[in-house]
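Enquirer:
2 protein chains.
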Amino acid sequence: MLDLHVLEARVGPFHAGDHIFRAGDPFESIYTVRAGTVKTYSVDQEGREQVLDFHLAGEVMGLDAIDEDWHRSNAVALDTVVLSQFSFTRLSMLAARLPRLQKILFRLLSRDIGRAALLAGDWSADERLAAFLIGLSRRLAARGSSPDRFELTMARIDIANHLRLAPETVSRVLKHFQAGGLIRVDRRQVELLDRVRLEALGASALQQPLMKRAAR
Amino acid sequence: MLDLHVLEARVGPFHAGDHIFRAGDPFESIYTVRAGTVKTYSVDQEGREQVLDFHLAGEVMGLDAIDEDWHRSNAVALDTVVLSQFSFTRLSMLAARLPRLQKILFRLLSRDIGRAALLAGDWSADERLAAFLIGLSRRLAARGSSPDRFELTMARIDIANHLRLAPETVSRVLKHFQAGGLIRVDRRQVELLDRVRLEALGASALQQPLMKRAAR
DNA sequence: GACCGGGTTTGATCAGGATCAAGCGCTGCG
DNA sequence: CGCAGCGCTTGATCCTGATCAAACCCGGTC
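As you go down the protein sequences, you meet chains S and G in turn. Residues 5 to 220 in the working numbering are what the first sequence spells out, letter by letter. Residues 5 to 220 in the working numbering are what the second sequence spells out, letter by letter.
#1: Mapping DSSP to helix, strand and coil, what is G/L87?
#2: Closest by CA to G/L186, which one among G/L98, G/L202 and G/T173?
#3: In three-state terms, what does DSSP make of G/L8?
#4: Look at S/R94 and S/L11 and say whether their C-beta atoms are less than 9 angstroms apart.
#5: Report yes or no: is there a C-beta of chain G within less than 9 angstroms of the C-beta of S/L214?
#6: Report all residues from its chain with a CB closer than 6 angstroms to the CB of G/D152; omit the five preceding and five following residues, and keep chain order.
#7: Using C-beta distances below 8 angstroms, list every residue in its chain close to G/E72, excluding the 5 sequence neighbours before and after it, in chain order.
#8: For the beta strand (DSSP E) containing S/Q193, name the first residue and the last one.
#9: State the start and end residues of the unbroken beta strand (DSSP E) segment that holds S/A39.
#10: Within 10 Å of its beta-carbon, does G/R220 have 16 or more other beta-carbons around it, so buried, or fewer, so exposed?
#11: Within a Cβ cutoff of 8 angstroms, which residues of the same chain sit near S/E63, ignoring the five residues on either side of it in sequence?
#12: I'd like the span of the alpha helix (DSSP H) that includes S/S208, first residue to last.
#13: Beta carbons nearer than 7 angstroms to chain S: which residues of the stretch 53-65 of chain G have them?
#14: Given a cut-off of 9 angstroms on the beta-carbon distance, is the pair G/V15 and G/S88 in contact?
#15: What do you reckon, are the CB atoms on G/L122 and G/Q211 nearer than 9 angstroms?
#16: Quick one: grab the DSSP three-state call for G/R217.
#17: Of all the residues that make up the stretch 106-138 of chain S, which are near chain G by a beta-carbon distance shorter than 9 angstroms?
#18: Considering only C-alpha positions, which residue in the set G/L113, G/L98 and G/R176 is nearest to G/H9?
#19: Output, in chain order, the set of chain S residues within a Cβ distance shorter than 8 angstroms of G/I70.
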């Protein structure tokens, strides 16, 4: 693995509600989350908030700011957050000498395009929420946490906003899922009881792995 | 400006309905459109098509495939299309030696993240369509075409699918806009009559230029 | 000119989820 | 212990845009 610790600066801890950056701040660094959860959001000119993403431990954020020279979104800690900060200028310089790093960066960027496009689909409330839960579970599993029993570190209203639903709808769908034996929810604790059916529900919105085709 | 003609290969012409690449094809190149319009779309496992984007002359496509090693979307010509093809491997190698090229690539990728995220907002049908028309107009203006009078090279059903609306809704909203004196539509010819009001309508979905803030 | 067929428009009905309005249940604090 | 406040849930109603169905328009073909 690449060793980037010479470029790495630990920042934090941030506490719930602290901002890491705000829209309009000059763009200098990208971040990886060491611990905690970060919410990124933008605010349109009518003051409405749009939750863009949640970033869990191990994940990268700040890539959407490369295009302009300042951040277009805001990043706020949802709980106690520790970050690693990487100067993007120095990262780029290093990438010119390390093809592997360059490739990693290109891939990270490309991946986010796909992720963003997924949200844009016109899925139903059930599909969206199922995909959200499965997605969360997979991301937690990737960093070694339990995939079947976890805590929602974000408020219902943030989930709703992220999925473009009303908070009431999120509440109702979760209840609905519980009644159907798909999950068990208590406050912010979630347990996935029937992963198979949940994945089936969310499959379209999760963009199931495409079949690799042979070269023509 | 960078001269990339050593890496460039002209391909085409493609005719309406011809595919440039399909989901599952191995990823090797990115493309810029020389002439014509290309539609990219994906198909979910239930066979439903999702129009991801339209690419006009001067625009880049294929960036979302970098992450995986094969295309996740399909690209089809809507009219007569000519492309320039660039081997991504050779482009990356060159980028390692040309920081400016590397920066351009990073920016292109980053920009697409933002564009994709915009579509995900929960805008009304009016806002979506206004933003679509203004966006199209701006992109045409950027390549020197008339921004106030242009042809929709894509079918209503593709516009509808792209904006996550029903084709009937697109039809109705366009009529509505015409009745309100915002535009004139005849078949696929569109004329923007009241750009100011149209921009106001689509402003949220267009993510108006953010105010640049002073460094903290 | 009659016939077709795809793309588009128009009209009528329907439904998913938003909105409005209370109520509930923690948690923290005086 | 009681109260306040926030986050969440529950219920009732409403509205936007989807869906269903049919007509229409234009270009191409026989």
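Here a beta-carbon is modelled for each residue, glycine too, at the ideal position from N, C-alpha and C. Note that the structure is a prediction, hence the values are computed from the model and not measured.
Expert: On the basis of the coordinates in this document:
#1: Three-state DSSP puts G/L87 in a strand.
#2: Ranked by Cα distance from G/L186, the options G/L98, G/L202 and G/T173 are led by G/L202.
#3: Residue state, collapsed to three classes: coil.
#4: Closer than 9 angstroms, so yes.
#5: In this prediction, S/L214 has a pLDDT of 37, which is less than 50 and means its spatial position is unreliable; what the coordinates show is noted afterwards. At a cut-off of 9 angstroms, the C-beta of S/L214 has a neighbouring C-beta in chain G.
#6: Counting only residues of its own chain and dropping the five nearest sequence neighbours on each side, G/D152 has a CB closer than 6 angstroms to the CB of L196.
#7: Here G/E72 has F31 as same chain residues with Cβ atoms under 8 angstroms from its own Cβ, once five neighbours each way along the sequence are excluded.
#8: That run of the beta strand (DSSP E) goes Q193 to L196.
#9: Start and end: S33 to A39.
#10: Reliability fails at G/R220, whose pLDDT of 34 lies under 50, so the model's placement of it is uncertain and the value that follows must be treated cautiously. Burial state of G/R220 is exposed, judged by a 10 Å Cβ sphere holding fewer than 16 other Cβ atoms.
#11: Excluding sequence neighbours, S/E63 sits near T36, V37 and R143.
#12: Membership of S/S208 in the alpha helix (DSSP H) is indicated by the continuous run R199 to L210.
#13: Cβ contacts with chain S: Q54 and L56.
#14: Yes, the Cβ-Cβ distance between G/V15 and G/S88 is below 9 angstroms.
#15: Yes, Cβ-Cβ distance for G/L122 and G/Q211 is below 9 angstroms.
#16: Legend: pLDDT at G/R217 = 34, less than 50; position of this residue unreliable, no value from coordinates given.
#17: Hits within the stretch, in order: Q106, K107, L109, F110, R111, L112, L113, S114, R115, D116, I117, G118, R119, A120, A121, L122, L123, A124, G125 and D126.
#18: That would be G/L98, whose Cα lies nearest to the Cα of G/H9.
#19: The contacting residues are F110, R111, L113 and S114.
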